[in-house]
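Trainee: Numbering (our numbering), first residue to last: 13 to 393. For glycine and all other residues, C-beta sits at the position ideal for the given N, C-alpha and C.
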């Protein structure tokens, strides 16, 4: 039997980058290699997920190998399978320490409690308490190492919704990984994104991702000038640095009815929480569900093409409930819409491309080359 965390917002965190692996498995071989972990690994591979599992013949020392560190850092998700003998392995505890470091940088982490109570992990009781006592004796001249492991285990504070047969639980993990990988898919920007990168860099400066404050950035300009394209580039670059992200596109046209607004609210929840099971029954309830479920998560939200205050309030109302480090981008043709939400937004005004870039963009669409032929070039002067 395996235990499942109740609070998705507490147990999951998103990945900073897409690397060599979709999933890294951290487990105690003698407990689960030929059982739960083996079945999980096979199921992940069968679904096409590139999964790292350590070679049982790998020679192990006291320190985590460079190979494992690289695999952890380059994985989209780390799945930790806590079992009876997990904490007796210094190797596993070092893996766990590295995983938590990556989580601070945004990696998605999914803990699995296999035949252990989650409280034993957090409170360091039962086999986990015995293991740490053993390590204290072994490392009495390097007690800081054991204290570090204790602090890492304290990070796992979860209750559970009960236990499930292994096959059902593995199916649940597959759904989480599938949803996560789908949400990591980059947005298509443009066939010829000329002049976009430099503009996106200005928006990134305004976002100041490293700051722990909540920031709202507005992008405004004429219709068709490239606001959405710029927002897509920024989204692709930084979305993985948040615990959840959502890009609600073309809100002006897609929020004409209550049903369409509800659909957007459900999209926001499913994209950020990594689940397709959210059902909203009214717009007002949807607003409350969004606040309740997302207030503890560092999120990145793009509200694209808004032209009325009410369109924004359907998703945020105000920004005072957003968790530290969250970011919101609004794109609009109307600058006045950007002064809402109770936060003074930082505003980037999109101006027309200069003559050289405009000609290059035209030429790419018309002739599929950087500049037109000489006889056409005369017409542009």
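Taking 8 Å as the cut-off, does the stretch 140 to 147 touch the stretch 96 to 111 (at least 3 CB pairs, one atom from each stretch)?
Mentor: At 8 Å Cβ cutoff, the stretches touch.
Trainee: Look at the alpha carbon of residue 269 and the alpha carbon of residue 156, and state the distance between them as a whole number of angstroms.
Mentor: Counting from 1 along the chain shown, the entry for residue 269 is found at position 257. Counting from 1 along the chain shown, the entry for residue 156 is found at position 144. Residue 269 and residue 156: Cα-Cα distance of roughly 59 Å.
Trainee: Determine, using beta carbons only, whether residue 44 and residue 95 come nearer to each other than 7 Å.
Mentor: As a first step, residue 44 is located in the chain shown; it is residue number 32 there, counting from the start. As a first step, residue 95 is located in the chain shown; it is residue number 83 there, counting from the start. Yes, the pair counts as a contact, with Cβ atoms nearer than the cut-off.
Trainee: With a Cβ-Cβ cutoff of 7 Å, do residue 40 and residue 114 count as a contact?
Mentor: Position 28 of the chain shown holds residue 40. Position 102 of the chain shown holds residue 114. No, the pair does not count as a contact, with Cβ atoms beyond the cut-off.
Trainee: Between residue 32 and the rest of its own chain, which residues show a CB-CB distance below 6 Å, the 5 nearest in sequence each way excluded?
Mentor: Counting from one through the chain shown, the residue named residue 32 turns up at place 20. 86, listed in sequence order.
Trainee: Select from 265, 264, 244 the residue whose C-alpha is nearest the C-alpha of residue 257.
Mentor: For the purposes of this step, residue 257 is identified with residue 245 of the chain shown, where counting begins at 1. The shortest Cα separation from residue 257 among 265, 264, 244 belongs to 244.
Trainee: According to DSSP, is residue 282 helix, strand or coil?
Mentor: Position 270 of the chain shown holds residue 282. In the structure shown, residue 282 sits in a helix (DSSP, three-state: H, G or I).
Trainee: At 3 residues or longer, what runs of the beta strand (DSSP E) sit wholly inside the stretch 101 to 160?
Mentor: Fully enclosed beta strand (DSSP E) runs of 3 or longer: 120 to 126.
Trainee: Taking the Cβ atom as the reference point for each residue, do residue 57 and residue 49 lie within a distance shorter than 7 Å?
Mentor: Here residue 57 refers to the residue found at position 45 of the chain shown. Here residue 49 refers to the residue found at position 37 of the chain shown. Cβ distance not < 7 Å, so residue 57 and residue 49 don't count as in contact.
Trainee: Would you kindly report the start and end of the unbroken alpha helix (DSSP H) that includes residue 298?
Mentor: On the chain shown, residue 298 is found 286 positions in, with the first residue counted as 1. Where residue 298 is concerned, the enclosing alpha helix (DSSP H) stretches over 295 to 306.
Trainee: Taking 6 Å as the line, does the beta carbon of residue 42 fall inside it for any heavy atom of the ligand FAD?
Mentor: Among the ligands in the structure shown, none appear at all, so the ligand FAD cannot be discussed.
Trainee: What does DSSP give as the partner residues of residue 33 in its beta bridges?
Mentor: As a first step, residue 33 is located in the chain shown; it is residue number 21 there, counting from the start. Bridge partners of residue 33: 87.
Trainee: With C-beta atoms as the reference, is residue 92 less than 7 Å away from residue 38?
Mentor: As a position in the chain shown, residue 92 is number 80, starting the count at 1. As a position in the chain shown, residue 38 is number 26, starting the count at 1. Closer than 7 Å, so yes.
Trainee: Report yes if the CB atom of residue 239 is closer than 7 Å to the CB atom of residue 343, and no otherwise.
Mentor: Here residue 239 refers to the residue found at position 227 of the chain shown. Here residue 343 refers to the residue found at position 331 of the chain shown. Yes, Cβ-Cβ distance for residue 239 and residue 343 is below 7 Å.
Trainee: If I'm right that residue 168 touches residue 134 with Cβ under 8 Å, what's the distance once you round it to whole angstroms?
Mentor: Walking along the chain shown from the start, residue 168 turns up at place 156. Walking along the chain shown from the start, residue 134 turns up at place 122. Rounded, the Cβ-Cβ distance is 5 Å, consistent with contact.
Trainee: Are the beta-carbon atoms belonging to residue 311 and residue 272 less than 7 Å from one another?
Mentor: Residue mapping note: residue 311 aligns to position 299 of the chain shown, counting from 1. Residue mapping note: residue 272 aligns to position 260 of the chain shown, counting from 1. For residue 311 and residue 272, no; Cβs fall outside 7 Å.
Trainee: Tell me the start and end of each unbroken alpha helix (DSSP H) in the stretch 223 to 281 that is at least 4 residues and wholly inside, in chain order.
Mentor: Runs found: 239 to 250, 263 to 266.
Trainee: If you measure between the beta carbons of residue 259 and residue 360, is that distance less than 7 Å?
Mentor: Here the question's residue 259 lines up with position 247 in the chain shown. Here the question's residue 360 lines up with position 348 in the chain shown. No, these two residues do not count as a Cβ contact at 7 Å.
Trainee: Just mark residue 112 as buried or exposed, buried being the case when its beta carbon has 16 or more other beta carbons within 10 Å.
Mentor: Translated into the one-based positions of the chain shown, residue 112 becomes position 100. Buried, by the Cβ-count rule.
Trainee: Where does residue 77 fall in DSSP's three states?
Mentor: Here residue 77 refers to the residue found at position 65 when the chain shown is read from its first residue. If DSSP states are grouped into helix, strand and coil, residue 77 belongs with coil.
Trainee: What is the rounded straight-line gap between the Cα of residue 120 and the Cα of residue 367?
Mentor: Within the chain shown, residue 120 is the residue found at index 108, counting from 1. Within the chain shown, residue 367 is the residue found at index 355, counting from 1. For residue 120 and residue 367, the distance between alpha carbons rounds to 44 Å.
Trainee: Check whether the Cβ atoms of residue 182 and residue 55 sit closer than 7 Å, and answer yes or no.
Mentor: Counting from one through the chain shown, the residue named residue 182 turns up at place 170. Counting from one through the chain shown, the residue named residue 55 turns up at place 43. Yes, the pair counts as a contact, with Cβ atoms nearer than the cut-off.
Trainee: Per the DSSP calculation, residue 344 is bridged to which residue(s)?
Mentor: Along the chain shown, one-based indexing puts residue 344 at 332. Paired residue(s): 232.
Trainee: Tell me the residue span of the alpha helix (DSSP H) that contains residue 51.
Mentor: To locate residue 51, count along the chain shown from 1; it is residue 39. 48 to 58 is the span of the alpha helix (DSSP H), which, as asked, contains residue 51.
Trainee: Given a cut-off of 7 Å, decide if residue 248 and residue 280 are closer than it, judged by their beta-carbon atoms.
Mentor: Translated into positions along the chain shown, residue 280 becomes position 268. Translated into positions along the chain shown, residue 248 becomes position 236. Taking 7 Å as the Cβ cut-off, residue 280 and residue 248 do not qualify as a contacting pair.
Trainee: Kindly indicate the opening and closing residues of the beta strand (DSSP E) around residue 358.
Mentor: Counting from one through the chain shown, the residue named residue 358 turns up at place 346. 358 to 361 is the span of the beta strand (DSSP E), which, as asked, contains residue 358.
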